[in-house]
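Visitor: Just dropping this structure here.
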Amino acid sequence: MADCIFCKIISGELKGDIVFQNEHLVAFRDINPQAPVHILIVPRKHIATLNDLTATDAAIISEMVLTAKKLAADEGVAEDGYRLVWNCNRGAGQTVFHIHLHLMGGRAFGWPPG
Ligand code: 5GP
Ligand code: ZN
Numbered sequence: 008m009a010d011c012i013f014c015k016i017i018s019g020e021l022k023g024d025i026v027f028q029n030e031h032l033v034a035f036r037d038i039n040p041q042a043p044v045h046i047l048i049v050p051r052k053h054i055a056t057l058n059d060l061t062a063t064d065a066a067i068i069s070e071m072v073l074t075a076k077k078l079a080a081d082e083g084v085a086e087d088g089y090r091l092v093w094n095c096n097r098g099a100g101q102t103v104f105h106i107h108l109h110l111m112g113g114r115a116f117g118w119p120p121g
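Residues in the sequence shown are numbered consecutively from 8, following the working numbering.
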């Protein structure tokens with residue numbers, strides 16, 4: 008999609024610190040990390056918000072979670088623990104309207120998140 012920052016990183020028009028990619032998704036480090044490990048897992052397909060998901064997206068959502076699990080292990084945070092976050096719409100803090108899964112680890116996280 009034309010004005011989407013994540014589509015531009017996926018296409019290579021904008022630089023991203025990419026840690027993993029395949030035909031369905033791209034994972035890159037967050038530009039403003041909130042934890043020592045903060046990676047965004049992003050489908051190549053432009054989907055604006057979680058509200059736009061349909062049953063046809065089930066496979067990519069599943070693959071995003073499994074990729075987060077693998078990257079958590081690769082980054083050495085799997086045993087201590089990590090947090091996966093999806094923000095949907097502005098009220099939840101979504102600022103980039105191309106769905107993404109935040110993988111954060113390497114520090115302690117409180118609950119509730121605030
Ligand atoms: P949201 O608030 O939408 O859940 O998360 C968007 C995330 O994208 C934020 O954590 C923000 O730091 C990150 N971000 C925004 N622009 C860029 C960018 O150009 N490159 C990278 N790597 N991350 C970005
Ligand atoms: Zn996009």
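Even for Gly, the Cβ is constructed at its ideal location relative to N, Cα and C.
Do residue 105 and ligand 2 come close, with the Cβ less than 8 Å from some heavy atom?
Guide: yes
Visitor: With 16 as the cutoff for other CB atoms within 10 Å, does residue 100 come out buried or exposed?
Guide: That one is exposed.
Visitor: Check whether the Cβ atoms of residue 25 and residue 37 sit closer than 9 Å, and answer yes or no.
Guide: no
Visitor: According to DSSP, is residue 13 helix, strand or coil?
Guide: helix
Visitor: Looking only at its own chain, which residues have a Cβ that is under 7 Å from the Cβ of residue 6, when we skip the five neighbours before and after it?
Guide: Summary: the structure shown does not reach residue 6, with the chain confined to residues 8 through 121, and so no result is reported for it.
Visitor: Say whether chain B places a C-beta atom closer than 9 Å to the C-beta of residue 78.
Guide: Annotation note: the requested chain B is absent from the structure, which comprises a single protein chain.
Visitor: Residue 112: which of 51, 20, 73, 92 sits nearest, CA to CA?
Guide: 92
Visitor: In the DSSP assignment, find the unbroken beta strand (DSSP E) run with residue 72 in it and report its ends.
Guide: First-last for residue 72: 65-81, but that is the alpha helix (DSSP H), not the beta strand (DSSP E).
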